[in-house]
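Add 16 to a position in the sequence shown, counting from 1, and you land on the number used in the numbering used here. Step one of this worksheet: look at the structure below.
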Amino acid sequence: MFRDSRSYTILVIDDNSGDRLLIETYLEEAIKAPKIVEAKNFAEANLILTQSPKYFDTVLLDLSLPDKSGENLIMEILRIAANIPVIVLTGYSDMAFGRKSLSLGISDYLLKDDLNATNLFKSIIYGIERNAASQRIYDSEKRYKELFHLSPIPMWVYEMGNLAFLDVNQAAIKHYGYSKEEFLSMTIRDIRQKEENNFLDNAMENSTSDGEINHLGIFRHLKKNQEIIDVEISSNILDFNGLKAKLVLANDVTQRRRYIEAIEEQNVKLKEISWIQSHVVRAPLARMMGLINMLTEDDDFSDSEKKIFINHIIESGHELDKIIRNISNKTENINIPEK
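Here it is as structure tokens:
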């Protein structure tokens, strides 16, 4: 028979020395070097587990001990054993109680009369693996809850069938103004304007497979105080307590969009100023320069002609001054918005 070379530490709780010897023999047949600790009653087991709860890979428990037995014994051992798999070994064939024991949280329920090295070892391995898998799920759920509830960005989970909110984080509660109870009585349509529902339906139809993050774009949401905000939505499909659901991250980009729109508006004004400078200013300036050149290069003009030229220069100067004032006024109206 194959013998596992891994080091297992096993607590055997049984008041019958013959049964303990048989169990230890089976363990040594399946495991090269098992570390076996014995307890003859509940009091000893309680002391051992309380002092070293994380020391053991599994607990083998007889259901009839001198100081405690049955369901009460199972509940107490499960409580002090924490996450250690507990396998019940009994000489009584009571299938109803066996099913109940499993529902209480034990790893397996084995009859001593049917026990051998193979099925005992399999039960231990399965119990350890199930326990490790359950711990991984627990750790994953804990990380999800921490990331979800501590995120500074509003997040929620909604059921894909009826669009009802299933969970919502504190950031969403604070940002949207609804209490958690109010959110959980609503659907995601309730935080949208009616005209946005078509966009919502299209986004739902374009959802991809589970686990893939979808960047759905920017939508308009409605806060409790009726303020409309622009929100960039990302989501992915997940299983939430057996329901097909979506985890949504809603990043408010209202201020960012307003900033961009303000910059674009200022760019239009700057282009207009640039056009004025390059086209409108050029005409009176060109006239002035031409008239001045004529006056300085030709001495044959009469006084009346020179007076006419000077009047044209003055008019062009006034025109240029008006244009410059207009440019100045437009420039003063350009305010770069703060982010």
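Positions of the beta carbon are idealized from the N, C-alpha and C atoms, including for glycine. Keep in mind the model is a prediction, meaning the values are calculated, not measured.
Would you please state the rounded distance, in angstroms, between the beta carbons of THR106 and LYS128? I believe it to be under 8 Å.
The distance from the Cβ of THR106 to that of LYS128 is about 7 Å, consistent with a contact at the 8 Å cut-off.
How about ALA97 and LEU65: do their beta carbons lie closer than 7 Å?
Against a cut-off of 7 Å, the Cβ pair of LEU65 and ALA97 comes out as a contact.
Indicate the three-state DSSP secondary structure (helix, strand or coil) for LYS338 in the structure shown.
helix
Is the beta carbon of SER80 within less than 6 Å of some heavy atom of the ligand ADP?
For the ligand ADP, the structure offers nothing, since it holds no ligand at all.
Straight-line CA distance for GLY227 to ARG95?
With a pLDDT of only 48 at GLY227, under 50, the local geometry of the prediction cannot be trusted, and the value read off the model is given with reservation. Cα-Cα distance, rounded: 36 Å.
Any idea what DSSP makes of ARG236, helix, strand or coil?
Secondary structure at ARG236: strand, using DSSP grouped into helix, strand and coil.
By how many angstroms is the C-alpha of LYS260 removed from the C-alpha of LEU76?
39 Å
Quick one: is ILE153 buried, meaning 16 or more other Cβ sit within 10 Å of its Cβ, or exposed?
exposed
Work out the CA separation of VAL28 and GLU54 for me, nearest whole Å.
5 Å
Go ahead and pull the three-state DSSP assignment for ILE245.
strand
Measuring only the C-alpha atoms, how far is SER167 from ARG19?
49 Å
Identify whether ASN62 lies in helix, strand or coil by the three-state DSSP scheme.
helix
Between GLY333 and the rest of its own chain, which residues show a CB-CB distance below 8 Å, the 5 nearest in sequence each way excluded?
PRO300 and MET304
What residue range is occupied by the uninterrupted beta strand (DSSP E) comprising MET171?
Residue range 171-175 is occupied by the beta strand (DSSP E) that includes MET171.
Please report how far the alpha carbon of GLY121 lies from the alpha carbon of ASP110, in whole angstroms.
17 Å
To the nearest angstrom, report how far apart VAL183 and MET202 are at their CA atoms.
One point to set straight first is that residue 183 is Asp, not Val, in the sequence displayed. For ASP183 and MET202, the distance between alpha carbons rounds to 11 Å.
Pull up the distance between the alpha-carbon of GLY233 and that of ILE253, whole angstroms please.
So the alpha carbons of these two residues sit roughly 16 Å apart.
List the endpoints of the continuous alpha helix (DSSP H) containing ILE189.
186-192
Can you find the residues in the same chain that come closer than 6 Å, C-beta to C-beta, to LEU200, ignoring five residues on each side of it along the sequence?
PHE181
Give me the Cα-Cα distance between GLU92 and LYS116, rounded to the nearest whole angstrom.
15 Å
Measure the Cβ-Cβ separation of TYR174 and LYS262 and say whether it is below 7 Å.
yes
I need the DSSP call for ASP30, collapsed to helix, strand or coil.
coil
May I ask you to report which of helix, strand or coil DSSP gives ILE103?
strand
Let's see if you can read the secondary structure: which residues bound the alpha helix (DSSP H) around LEU131?
Unbroken run through LEU131: none, as it is neither H nor E.
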